Structure formats: C-alpha cells, structure tokens
Amino acid sequence: MTHRGRHRRRKRGRALRAALAGTALALTAAATMISASQATDVEDAAALRPLTAPAAKDRLHVTERRVPQRWLDRLASAMGRPVGVAAVLDAADRALRASPDCTAEERAALPVAPAATRAYCWDAADTAGWRPGAVTTSGDADDDGHWGGHRVILSAWTRYEGPAGRGLARVAFVDADDPERLRHASALLVVPVDGGRDYRELASPVSGMVWYQDKLLVTAGAGDRTALYVYDLDRIQRTSVDAGTVGRVPGGWAAHGHRFVLPAVASYTLPGGRDTPRPAGISLDRSTAPDSLVVSEWVPADGDRPTRLWRYSFSSDPARAGLLATGAAGRVSAGEAYETRTTDVRGVLSYRSAWYLGRAAEARDRRGTLWRQDTGGARATRCGADETRLCWSGGAQSLSYWEETGEVWTQADGVLFATPLSSVEDALR
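Letter by letter, the sequence shown follows residues -39 to -1, 1 to 390 of mature numbering (1 follows the signal peptide of the UniProt record, and there is no 0).
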C-alpha cells in the first residue's frame, strides 16, 4: 500500500509572484482593447436544467470491466516488480520553466481574469509533437494534498504520427515539492493484450483525467465503446529497451522511448446507441458524500443540442479503492444529471452547488470563457473596461480543484497554471 505522508507547504517565491502580477496587468490592459462586439459572440448560458426522466439518465450509465488479475500478474512476472509514483519522481530529470522564464507568447496563454498565481512552461524539446491534455494532482488523490510525502501534478499529453495516425498518450509526473523548481518524468499509457503477454498503446486523446486514491481514471477517445480507462499507480512498470516501438520487443519491453509504462487495470464501457454521451471532461468533487466523479460531454460550438453534465459516485468499499460504485453486473449509474446551453465545454468542475465550465476560444487568437452555473442561473467571469466575458485561457484543457490549497489547476498551449477558486469567484462578481 502506498504510504501517504503530510508535508509542510512551502512559500511561493517573490520573483514568481511579481512576474505573474506583471503578466496579469499586461493581459488586463490587452483585454480592455477587446471590442464589446466580441463579447456578444459568446452565447448566453442559462440555468442548469435537471435531467430526471429515467430514460435520459439511463443513457449515462457505464459498465465496469476489470483486466483479469492473471493478466497483470503475467505482465509483472515478465517485466519485473511494479513500482509506484516515487520511482517515477526519482527519475524526474526534466525541468519546467517558472513564469519569469516563459516567453511572452507562452504567458499570453494565461487568463486575464481570474489571474494565474502560479505558472510554468514546458520545454519545447519535451513536448515537440505532443498536444496538452488534462491535469490532475495529489490534491485529488488524497485530501491532505500529498502522495507518499510528495506534492505531485499529473499532466496528460497525446500525439499522432505516421501515415496511419497511430496515437500515443502519456502522463508527465511533476514533482511539485518545491514550487520554484518543478521537475518531471513521463510514463506511457498502455493496455494489456494477449492475456498479459504484451501491451498496446492507448491511442486516445486524454481530455479528462482524475487521480483518486491509488487509481488514475482517464477519458477514452471515440475509437471504441470505452468511456474511461483505469490505471493503478502502484502498478507502474519499468521498460528495458529504448526503442520507438510499443510492447514486447527482442530483448525486453519498449514504450516509444519512455522509461515507464502504466498498464490499464480496468475500463468503463458505454451502453451504445445514438444518443449515448461520451465523457470528454472529468474532475473530482470532494464536496459530495461519497466523493464523486464529475463528467461533461463535448458538443461543438455550432451544435444543435444541449451539453449534458452528470456525476458517478466513487465506491466506499476499501477493497475497491479508487473505483466507481457499481450495482448488478458491474453497472455504474449516474447520480444527478443536467443539461446546459453552453457548448464547446473543455473543462468541468463541480464544488458544492456550483458547476464551473471552461468554454474554448472560437479562434486560436481569441480567449475562452469560464462559467459558473447552477439551477438558479449562470454567470461568466468578466474583465476589461467593456466587461467582456472573453477572459479565460482560450486553449485550457480540463479543470482540477486542489482543495487543500484552494487552487484550480489546468494547462493550455504548453503552460501549466493555477488560480485560486476564490479568485474565480471574485471575477464572477
């Protein structure tokens, strides 16, 4: 069992705060130049509408499928004893740049309001050919915000290459113990095949990701009926061959040059049917009892139907740590569910009675919108002299609330950043 210890929070550096403050001022000045006509381009959102019809909620259920234990044991027997998060952090030899060392173009990806209070940029050599995806943290994993004595941020990345468009997905494990010196190492996400004698790459963009207890849940792409894949962070495997292939190779195991792989241990499949929604964004809500997984689907900006939001409860059974609560035959039913008129939702967060939705920018050089909605109404963050709602980072992927620090984490265009939830609320007022 992974040991989780408490660790004293470290103070942020004055230089980082000063740089971020300067960035926020510059971005706010730029926001005042956005015309009022741009603000009207963002559709008005309305209050959330509860979905109560049994047929509508039934479309939201998923079914749990576990990878047979003998498959995982066979893989571990061939690859060596699994390791945990600490082993990946020990190998973290790549650095993120703090905000003062980011370029002006990179800092332009930060939101105008609420302003980021922490920001880090990825080295281009580490991300070339990879697209940023979801973010989750040890604040999701454990309510004290630590895992094995460490503060950790997980950042998902995806790439497609070759004429067939072969997909790869990986997770960067970021050691965030020292807020002025973040370092990282990555593990490739894979799926066991052939009875655990081999594994294949996860060919899927990771638009949503939640680390809960010892499990990592990630969204799957549209290639099959799988809604979510589940990974056990105590079952990370070391590779033995540095090759561009994935799986068993002559002399050992490879993972497209990565030193670690995460083999899936379970998945949640969709029921099928034309109106079955596919999870696109997910996050953890610790304000419910039990804790719950919050889910949003993706509907394009020009879509002619509402976006559905719903939640699944996590299991309270110690033998099912990090897994969803299931009923008969592994069925996972949705709890509360809603519809919203907001489209192109890229990040979802629920805390207490409010739902926060990050809406993508309509063009690459534009900004997005951050909404707070509930059954009573909707409000967006505003900024600039003309009170535009185009204040959020245009390319932000996912929302993750670190309850212990009160921060919301996300990333966009190669920039990993955080802003206090209290600042979100201030920008909404």
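For each residue, glycine too, the CB sits at the ideal point set by N, CA and C.
As the structure is a prediction and not an experimental result, all values here were calculated from the model.
Item: Can you tell which of T371, L389, V385 and R390 has the C-alpha that lies nearest to the C-alpha of residue 398?; Value: This structure does not reach residue 398, given that the chain is present from -39 up to 390, and the question cannot be answered.
Item: Pick out whichever of D203, A227 and Y229 has its Cα sitting closest to the Cα of G218.; Value: D203
Item: Only counting runs of 3 or more residues, tell me where the beta strand (DSSP E) segments fall wholly within the stretch 233 to 258, in order along the chain.; Value: 240 to 246 and 253 to 258
Item: State the beta-bridge partners of A146 as determined by DSSP.; Value: F134
Item: Which partner residues does W32 have in the DSSP bridge list?; Value: In the DSSP output, where bridge partners are listed per residue, W32 has none listed.
Item: Determine the closest residue to L245 out of R26, R307, A7 and V256, with distance taken between C-alpha atoms.; Value: V256
Item: Can you tell me the Cα-Cα spacing of G264 and R239, whole angstroms?; Value: 15 Å
Item: Taking the C-alpha atoms as reference points, what is the distance between H145 and A373?; Value: 17 Å
Item: Alpha carbon to alpha carbon, what distance is there between G157 and R196?; Value: 13 Å
Item: In the stretch 180 to 220, which residue ranges form an unbroken beta strand (DSSP E) of at least 3 residues, counting only runs that do not cross its ends?; Value: 187 to 193, 207 to 210 and 213 to 216
Item: Based on the DSSP secondary-structure assignment, which residues constitute the bridge partners of H107?; Value: Paired residues: none, contrary to the question.
Item: Alpha carbon to alpha carbon, how far is R199 from P261? Give it in angstroms, no decimals.; Value: 39 Å
Item: According to DSSP, is A65 helix, strand or coil?; Value: helix
Item: If you follow the beta strand (DSSP E) that A80 is part of, which residue opens it and which one closes it?; Value: R79 to C82
Item: How would you write the range of the alpha helix (DSSP H) that G100 sits in, first residue to last?; Value: S99 to A102
Item: Would you be able to state if there are at least three C-beta pairs under 8 Å between the stretch 349 to 357 and the stretch 320 to 331?; Value: yes
Item: So, at 6 Å on beta carbons, what are the nonlocal neighbours of H284 in its own chain, with the 5 sequence-adjacent residues on each side left out?; Value: A quick correction: the sequence has Leu, not His, at residue 284. Cβ within range, chain order: S276.
Item: Answer with buried or exposed for P211, where buried requires no fewer than 16 other C-beta atoms within 10 angstroms of its C-beta.; Value: exposed
Item: Less than 8 Å between the beta carbons of W271 and L9, yes or no?; Value: no
Item: Suppose contacts are defined by Cβ-Cβ distances below 8 Å. Is R247 in contact with D159 by that definition?; Value: no
Item: Taking 8 Å as the threshold (C-beta atoms), are Y273 and G296 in contact?; Value: yes
Item: Does the Cβ-Cβ distance between L33 and P140 come in under 8 Å?; Value: no
Item: Are the CB atoms of G242 and G169 within a distance shorter than 8 Å?; Value: yes
Item: Identify every residue that forms a DSSP beta bridge with M170.; Value: V179
Item: Based on the DSSP output, what are the partners of A298 in its beta bridges?; Value: W271
Item: Tell me whether T88 sits in a helix, a strand or coil according to DSSP, three-state version.; Value: helix
Item: Excluding five sequence neighbours on each side, which residues of the same chain lie with their C-beta closer than 6 Å to the C-beta of P75?; Value: T380, S384, V385 and A388
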